[in-house]
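Participant: In my numbering, the protein residues as written are 49 to 349.
We put the CB at the ideal spot given by N, CA and C, even for glycine.
Keep in mind that this is a model prediction, so the values were computed, not measured.
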Amino acid sequence: MKDFKDKNGFITGAASGIGRSFALALAKRGMNLYITDINMESLEKVKLEIEKIGVKVFVCKCDVSRYKDFEKAAKDFYEKLGELDLLINNAGISMGFDLLNIDLKVWKRVMDVNLGSIIHSIKAFLPRMIKRGSGYIANVASGAGILGIAEPIPYIASKFGVVGLSETFFARLKNLGINVSVIVPMWIKTNIIVVDTDKIQYPPKLLEDFGKEKLDKAYSTLMDVIAEGAISPDDAVEFYIEGIQKNQLYIFDNPYYLEALEMKGKDPKQYEDHIVEGFTNRGKAFREHFHKHGIDIEKYM
Numbered sequence: 049m050k051d052f053k054d055k056n057g058f059i060t061g062a063a064s065g066i067g068r069s070f071a072l073a074l075a076k077r078g079m080n081l082y083i084t085d086i087n088m089e090s091l092e093k094v095k096l097e098i099e100k101i102g103v104k105v106f107v108c109k110c111d112v113s114r115y116k117d118f119e120k121a122a123k124d125f126y127e128k129l130g131e132l133d134l135l136i137n138n139a140g141i142s143m144g145f146d147l148l149n150i151d152l153k154v155w156k157r158v159m160d161v162n163l164g165s166i167i168h169s170i171k172a173f174l175p176r177m178i179k180r181g182s183g184y185i186a187n188v189a190s191g192a193g194i195l196g197i198a199e200p201i202p203y204i205a206s207k208f209g210v211v212g213l214s215e216t217f218f219a220r221l222k223n224l225g226i227n228v229s230v231i232v233p234m235w236i237k238t239n240i241i242v243v244d245t246d247k248i249q250y251p252p253k254l255l256e257d258f259g260k261e262k263l264d265k266a267y268s269t270l271m272d273v274i275a276e277g278a279i280s281p282d283d284a285v286e287f288y289i290e291g292i293q294k295n296q297l298y299i300f301d302n303p304y305y306l307e308a309l310e311m312k313g314k315d316p317k318q319y320e321d322h323i324v325e326g327f328t329n330r331g332k333a334f335r336e337h338f339h340k341h342g343i344d345i346e347k348y349m
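#1: When you compare each of T60, I345 and E99 to R335 by their alpha carbons, which one comes out closest?
#2: Roughly how many whole angstroms lie between the Cα atoms of Y184 and K340?
#3: How about A186 and I292: are their beta carbons less than 7 Å apart?
#4: Any idea what DSSP makes of N162, helix, strand or coil?
#5: Just tell me which of V211, L72 and Y267 has its CA closest to the CA of N162.
#6: Quick one: grab the DSSP three-state call for G61.
#7: Roughly how many whole angstroms lie between the Cα atoms of Y126 and L132?
#8: Looking at the secondary structure, which residues open and close the beta strand (DSSP E) in which L135 lies?
#9: Please name the residue, chosen from S190, G225, M143 and I236, that lies closest to L174 on a Cα-to-Cα basis.
#10: Looking only at C-alpha atoms, which of T84, I343 and F338 sits nearest to D111?
#11: Taking a contact to mean a Cβ-Cβ separation below 7 Å, would you say I98 touches V105 in this structure?
#12: Check each candidate in M159, G191 and H337 and name the one with the smallest Cα separation from Y305.
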């Protein structure tokens, strides 16, 4: 997709982070936008920013885990803007903690938002895109959809699903005039790494022994350390737009994940050792961080 001027885009999760940066960057390139989120207060602020740029922009509250919300938004989009040129599935959440203590409701919520949203968008928009014979779909996955070595596990499962769906859509839709990309962020300074401690499911015994306040402080400061190495969503989106312009299947902001894919194909044994080592090193850093807060976390996992 070379040119965005006077084209029409639909973006989920546009109230903050990557979604907001995508909206502003595309607006500056002349694209008319329909942006959605569940946080309408922040979404309205993004709308005001876009209006100053001078393109058409419409907003809608959309819980991407609910197909009826997507169906309603798609109908409104077509009425207001016409045909869809670029669909960006960006909305996502991260929940969960220890594997043995993840509530099934958490598994379902993460899968419904991160993976279900892709399915819902395809059902809502793809038939008309196929009939038209053109369009572009960009799904925001994660490095967690390439390497399964980090927590939280429901997030990893959902993002591997996004990568898989994107590949099969790429293969099936290419000859129908529709391009598909899967965006693979590394560490981006977004709300996904701003921890909502009320949603963390600590192991019951850990919670009993140390209390929620102490655990929340330890976990929040851990995410602060991670955020120090993250890049801004504005910078990341420039990589992503360049990839869309080149019609790339995989779009990375860091070559590490491309190298991991290459290793997986060329030397499976090396890859196996790599992911085990990666998990071990992450676990060690995780434990050391909690030790600084007086918590022997390994006794509870």
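Facilitator: Here's the rundown:
#1: The residue given as residue 335 occupies position 287 in the sequence shown. Closest option to R335, Cα to Cα, is I345.
#2: Locating residue 184 in the sequence shown gives position 136, counting from the first residue. Locating residue 340 in the sequence shown gives position 292, counting from the first residue. Rounded to whole angstroms, the gap between the alpha carbons of Y184 and K340 is 48 Å.
#3: Residue numbering aside, residue 186 sits at position 138 when the sequence shown is read from its first letter. Residue numbering aside, residue 292 sits at position 244 when the sequence shown is read from its first letter. A distance below 7 Å separates the beta carbons of A186 and I292.
#4: Against the sequence shown, residue 162 aligns to sequence position 114. Helix.
#5: For this step, residue 162 is matched to residue 114 along the sequence shown. When the alpha-carbon of N162 is set against those of V211, L72 and Y267, the nearest one is in V211.
#6: Position 13 of the sequence shown, counting from 1, holds the residue named residue 61. DSSP places G61 in the coil class of the three-state scheme, outside both helix and strand.
#7: The residue given as residue 126 occupies position 78 in the sequence shown. The residue given as residue 132 occupies position 84 in the sequence shown. Going by the C-alpha atoms only, they are around 8 Å apart.
#8: What you label residue 135 is simply residue 87 of the sequence shown in a count that begins at 1. Note, L135: beta strand (DSSP E), L134 to N137.
#9: As a first step, residue 174 must be located in the sequence shown, where it is residue number 126. Here the closest residue by C-alpha is G225.
#10: If you number the sequence shown from 1, residue 111 lands on position 63. The residue with the shortest Cα to Cα distance from D111 is T84.
#11: The count along the sequence shown starts at 1 and reaches residue 98 at position 50. The count along the sequence shown starts at 1 and reaches residue 105 at position 57. Cβ atoms of I98 and V105: closer than 7 Å.
#12: The residue you call residue 305 lines up with position 257 of the sequence shown. Nearest C-alpha to Y305: G191.
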